Amino acid sequence: MKTYLHQYKFLQDVVLSEVFSGEINEALCKVDAILVPIPMNTEKLKQRTFSQVDELLASAGLPFTHLLSKTAQVQGEKSRQERLESTKLFEWNGKPIPDKIILIDDLYATGTTMRHAAKEMKMAGAGEIKLFTLIRA
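Quick note, the sequence shown lines up with residues 629 to 765 if you use our numbering.
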């Protein structure tokens, strides 16, 4: 999985998004919630030219809605301790908040990213928040 993730994210092998599209679709196609991808840092998005989470969801044929924007430094560039001590990582973008949300990310390392995103969605008015990641580090 480490090799897959590296090739997909850093070598920009976007075709690899199709590898798990069937499993992702099967896991999420019948959920009664809005799929909300974790946004990328703007600079990283410019470098990579695509959002790996958006591409995974699109390859799986699943609709998704952006409700968050990234406000902080890239988590992968921080130590584990720095990630755990991070302050506000996201801001709600002002779009209407559904009652049920599933936050989607490619990698779950310390859980800091998901905790911060869930906290921001809860403060914006979401009722039920679930998490979905492709890889657990």
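From the three backbone atoms N, C-alpha and C, an ideal C-beta is built for every residue, glycine too.
None of these values were measured; they are calculated from a predicted model.
Minimum C-alpha distance to residue i - residue among the options
i	options	result
Ser645	Ile730, Lys716, Ile757, Ser679	Ser679
Leu690	Asn669, Phe718, Asn653, Ala661	Asn653
Ala686	Phe718, Ala661, Val647, Thr715	Val647
Lys698	Met751, Lys758, Leu673	Leu673
Lys716	Lys747, Lys723, Gly722, Phe692	Lys747
Ser649	Leu684, Leu696, Gly722	Leu684
Leu695	Gly722, Ala655, Val681	Gly722
Ala765	Glu719, Val642, Lys758, Thr738	Thr738
Glu719	Val642, Thr631, Lys630, Asn669	Asn669
Glu651	Ala688, Thr677, Leu759, Lys758	Ala688
Whole-angstrom distance between residue j and residue i, CA atom to CA atom
i	j	result
His744	Cys657	25 Å
Tyr736	Glu756	20 Å
Gln709	Thr741	13 Å
Leu660	Glu671	Strictly speaking, residue 660 in this sequence is Asp, with Leu absent from that position. Cα to Cα, the separation comes out at about 33 Å.
Val681	Met751	23 Å
Leu759	Lys630	21 Å
Residue i, DSSP secondary structure in three states
i	result
Ile666	coil
Val658	The sequence given here places Lys at residue 658; Val does not occur at that position. Coil.
Ser645	helix
Ser679	coil
Leu673	helix
Gly650	helix
Thr740	helix
Thr631	helix
Under 7 Å between C-beta atoms of residue i and residue j
i	j	result
Asp734	Leu762	yes
Ile725	Gly753	yes
Met749	Ile729	yes
Ile662	Thr693	yes
Residue interval of the beta strand (DSSP E) (run including residue i)
i	result
Ile729	728-736
Ile725	Per DSSP, Ile725 belongs to no beta strand (DSSP E) and is neither H nor E.
Thr761	756-764
Phe696	The question names Phe, yet the displayed sequence has Leu at residue 696. 696-698 is the extent of the beta strand (DSSP E) around Leu696.
Delimiting residues of the alpha helix (DSSP H) encompassing residue i
i	result
Glu719	Run containing Glu719: none in the alpha helix (DSSP H); it sits in the beta strand (DSSP E), 718-720.
Ala766	Look at the range of the chain in this structure, 629 to 765, and you will see that residue 766 is not part of it.
Proximity test, residue i beta-carbon vs the ligand GTP heavy atom, cut-off 6 Å
i	result
Ser645	Of ligands this structure carries none, so the ligand GTP is not represented either.
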